[in-house]
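S.K.:
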Amino acid sequence: MPRSRILLVNGDHTVQHLRALMLRLKGHEVDLAADLDEARSKTDLFQYELVIVDVGHFAQPGLELCEELKRKYPDQKVLMQVDYHLFLNRNTCPDRVVSKEEGPQNFVNEVESLLTAS
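Following this line, the structure appears as structure tokens:
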């Protein structure tokens with residue numbers, strides 16, 4: 174799989190760095206954003222193959238970011254990491270939803286699958 178540039182948005186510094194490490198070990202270039210404002214700034218400056226948002230930390234604002242990205246950049250792929258109890262309207266955004274409870278290997282598998290999807 175070719176190297177992809179990914180933006181990882183997560184307010185939990187430790188979790189963010191662990192997920193970034195897993196993706197870097199798979200050969201991806203990963204930028205980090207600690208909050209939604211930083212994510213907006215980075216997506217205005219750089220083109221990402223994938224933006225990953227931890228919805229548990231941002232809930233409704235995270236969904237709004239997803240919708241905003243899709244309006245500005247219609248081809249932008251967005252993956253949301255969620256808790257089981259969180260419901261997302263999959264008709265508008267995101268491209269993929271991954272449950273945190275399914276573990277780190279599933280997270281990496283879902284990222285790789287979304288990056289290779291047309």
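For the sequence shown, the working numbering begins at 174 and goes up steadily by one. Heads up, the beta-carbon is just placed ideally off N, CA and C, and yes, glycines get one too.
(1) Tell me the DSSP bridge mates of S272?
(2) For the alpha helix (DSSP H) containing R213, list its first residue and its last residue.
(3) Please identify the residue among L218, L223, E283, I179 whose C-alpha is closest to the C-alpha of D204.
(4) Count the C-beta pairs between the stretch 234-253 and the stretch 210-219 that are closer than 8 Å, then say yes if the count reaches three, no if not.
(5) According to DSSP, is K199 part of a helix, a strand, or is it coil?
(6) With DSSP run on the structure shown, which of helix, strand or coil describes A206?
M.R.: In terms of the structure at hand:
(1) Paired residues: V255.
(2) 209-218
(3) I179
(4) yes
(5) coil
(6) In the structure shown, A206 sits in a strand (DSSP, three-state: E or B).
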